[in-house]
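Numbering (the numbering used here), first residue to last: 37 to 526.
Okay, structure first, notes after.
The following block contains the structure:
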């Protein structure tokens, strides 16, 4: 039993390492590609593809109806389950492609851009291409083979990026962005198909479909509802206050959530198959999940409160003077960022333990409370919406958000708080220290230099605090980083 547990810990650590490497390399490649394309293309080209992306991002939520996640979560699977996911994915991919081709004239007419008709129709081919690899990627995730996934993702991004830059250089305009997406999906599908065993067949087994259907449908329902709830504040601000206010609000929201959610996404991708593999042993799931939230809190809490402390110089240096209105909105939203990382990871318990039905009900309840809060807060502008977001997150949802999924593994709210409180307290002390430093710095210093000093001071202070207090999450993080560094150097 101990050997089995040790093997899972080793596999999880290795998977986290490759997931993190993949994420960092992908971000770097995307930045490089964007820099080249931004110099070669017109802003309108990005705008046209951005319009289509609004629709395709939502459609991709429906692209496999949660069957891939069901394949990962299920305790035991056979080839008939893989065949069923593969076949259903192709059918859904074909359906989405036909649907987008049919509605392409409506999209073009709505935006009064005739070119969108053909752009939408060609972009829709990506649904079919992606559907051919989704089942195999899900199987790799189930096996926690994140090294192969990393190679596939990086190769696909690099290949499609080079192709899009060449097309842009040859004067293809917006089509280089359209074909970048299609080439990415094609390389991803080709490499996945060649390297995967066993290869699925187009065959649907009725029993296999039933095994996966309930789980997948509930998960899809949650994702769809959550997608619209997460955009409800943007919709209300844009509709009632206007595009300028929406630009300010969305920039503040993205600045706060992007680093936090990217960290939790990297962790969740690995921990979902890891927790699913031990779903029958509640005590093991509980122990492993507590490690997860300790590490997430250790990283996300100082990001949120550190950003709160340096909001003014950060916005003025990074975004520029014209974004000064972002500062108070960002500072308010950073308050909810303290618990957002851990709260976002709670979905792992729902999905890995097969309770997507409970997850859907929770999503509907929490979503309704957010919409009501936004409707109340909108009366006071974007500051009112921001305050409503924070108040609802703490006073209405914090306790049930940690308690409801926690009950699945006998975790109470106090258990969760005990395992995250150290990181929260150290982050508060760090933020206060940074604020005091900012007030003590002479005003004649260049703002960029002042910002750098505050970041360095905050980082050193926080690391010193968690080292002196020897927080459990800090010890676990050190062990992970030490193992990963040794593996890379060897």
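Glycine included, every Cβ here is placed at the ideal spot set by N, Cα and C.
All values derive from a computational prediction rather than experimental measurement.
Endpoints, alpha helix (DSSP H) assigned at residue i
i: residue 493; result: 483 to 505
i: residue 125; result: 115 to 146
i: residue 189; result: 182 to 205
i: residue 301; result: 279 to 312
i: residue 162; result: 161 to 167
i: residue 478; result: Neither: residue 478 is in no alpha helix (DSSP H) and is coded neither H nor E.
i: residue 103; result: 103 to 109
i: residue 423; result: 417 to 427
i: residue 370; result: 362 to 381
i: residue 177; result: 170 to 178
i: residue 350; result: 347 to 350
i: residue 276; result: First-last for residue 276: undefined, no H or E at that position.
i: residue 99; result: That residue, residue 99, is in no alpha helix (DSSP H); it is neither H nor E in DSSP.
i: residue 228; result: 211 to 231
i: residue 393; result: 392 to 413
Proximity of residue i and residue j at Cβ, strictly below 7 angstroms
i: residue 402; j: residue 332; result: no
i: residue 329; j: residue 172; result: no
i: residue 494; j: residue 283; result: no
i: residue 222; j: residue 165; result: yes
i: residue 334; j: residue 385; result: no
i: residue 119; j: residue 236; result: yes
i: residue 421; j: residue 269; result: yes
i: residue 257; j: residue 218; result: no
i: residue 180; j: residue 349; result: no
i: residue 304; j: residue 224; result: no
i: residue 155; j: residue 214; result: yes
i: residue 192; j: residue 216; result: no
i: residue 262; j: residue 393; result: no
i: residue 295; j: residue 339; result: yes
i: residue 108; j: residue 177; result: yes
i: residue 276; j: residue 404; result: no
i: residue 377; j: residue 336; result: yes
i: residue 379; j: residue 437; result: yes
i: residue 167; j: residue 198; result: no
i: residue 104; j: residue 174; result: yes
C-alpha distance - residue i paired with residue j, whole-angstrom precision
i: residue 279; j: residue 397; result: 33 angstroms
i: residue 288; j: residue 185; result: 32 angstroms
i: residue 428; j: residue 52; result: 32 angstroms
i: residue 465; j: residue 113; result: 49 angstroms
i: residue 204; j: residue 298; result: 29 angstroms
i: residue 49; j: residue 306; result: 9 angstroms
i: residue 146; j: residue 242; result: 41 angstroms
i: residue 98; j: residue 77; result: 31 angstroms
i: residue 202; j: residue 448; result: 55 angstroms
i: residue 487; j: residue 354; result: 10 angstroms
i: residue 406; j: residue 264; result: 11 angstroms
i: residue 187; j: residue 274; result: 40 angstroms
i: residue 157; j: residue 220; result: 17 angstroms
i: residue 513; j: residue 450; result: 22 angstroms
i: residue 442; j: residue 408; result: 26 angstroms
i: residue 239; j: residue 267; result: 37 angstroms
i: residue 412; j: residue 229; result: 51 angstroms
i: residue 525; j: residue 515; result: With a pLDDT of 45 at residue 525, under the threshold of 50, the modelled position of that residue is not reliable, and the figure given next carries that caveat. Cα to Cα, the separation comes out at about 15 angstroms.
i: residue 70; j: residue 80; result: 15 angstroms
i: residue 195; j: residue 66; result: 12 angstroms
i: residue 40; j: residue 189; result: A caution first: residue 40 carries a pLDDT of 46, below 50, which makes its placement in the model too unreliable to give a value.
i: residue 312; j: residue 320; result: 11 angstroms
i: residue 249; j: residue 211; result: 37 angstroms
i: residue 38; j: residue 209; result: Residue placement at residue 38 is poorly supported in this model, since its pLDDT is 43, which falls under 50; the coordinates are not used for a value here.
i: residue 485; j: residue 64; result: 25 angstroms
i: residue 292; j: residue 426; result: 13 angstroms
i: residue 290; j: residue 480; result: 31 angstroms
Contact belief for residue i with residue j at Cβ below 8 angstroms, rounded distance in angstroms
i: residue 59; j: residue 227; result: The Cβ separation is near 19 angstroms, so there is no contact.
i: residue 423; j: residue 462; result: With a Cβ gap of about 26 angstroms, residue 423 and residue 462 do not count as contacting.
i: residue 316; j: residue 183; result: That pair is no contact at about 27 angstroms.
i: residue 251; j: residue 83; result: Actually they are not in contact, since the Cβ atoms of residue 251 and residue 83 sit about 38 angstroms apart, beyond 8 angstroms.
i: residue 446; j: residue 360; result: Not quite, the Cβ-Cβ distance comes to about 48 angstroms (not below 8 angstroms), so this is no contact.
i: residue 483; j: residue 326; result: Their Cβ separation, rounded to whole angstroms, is 41 angstroms, which puts residue 483 and residue 326 out of contact at 8 angstroms.
i: residue 372; j: residue 281; result: With 8 angstroms as the limit, residue 372 and residue 281 do not qualify as a contact, their Cβ atoms being about 19 angstroms apart.
i: residue 490; j: residue 346; result: 5 angstroms
i: residue 132; j: residue 95; result: 5 angstroms
Short CB-CB distance (under 7 angstroms) between residue i and chain C
i: residue 327; result: Although the question refers to chain C, the structure presented lacks it and comprises just one protein chain.
Cβ-heavy atom distance, residue i to the ligand COA, below 6 angstroms
i: residue 495; result: Among the ligands in the structure shown, none appear at all, so the ligand COA cannot be discussed.
Requested in this report: Could you say if the stretch 135 to 147 and the stretch 76 to 92 meet the contact criterion of at least three C-beta pairs nearer than 8 angstroms?
Outcome: yes
Query raised in the report: At a cut of 8 angstroms, does the stretch 360 to 374 reach the stretch 502 to 512 through at least three beta carbon pairs?
Result: no
Report task. Evaluate the contact criterion for the stretch 472 to 481 versus the stretch 429 to 436: three or more CB pairs, one atom per stretch, below 8 angstroms. Result -> no
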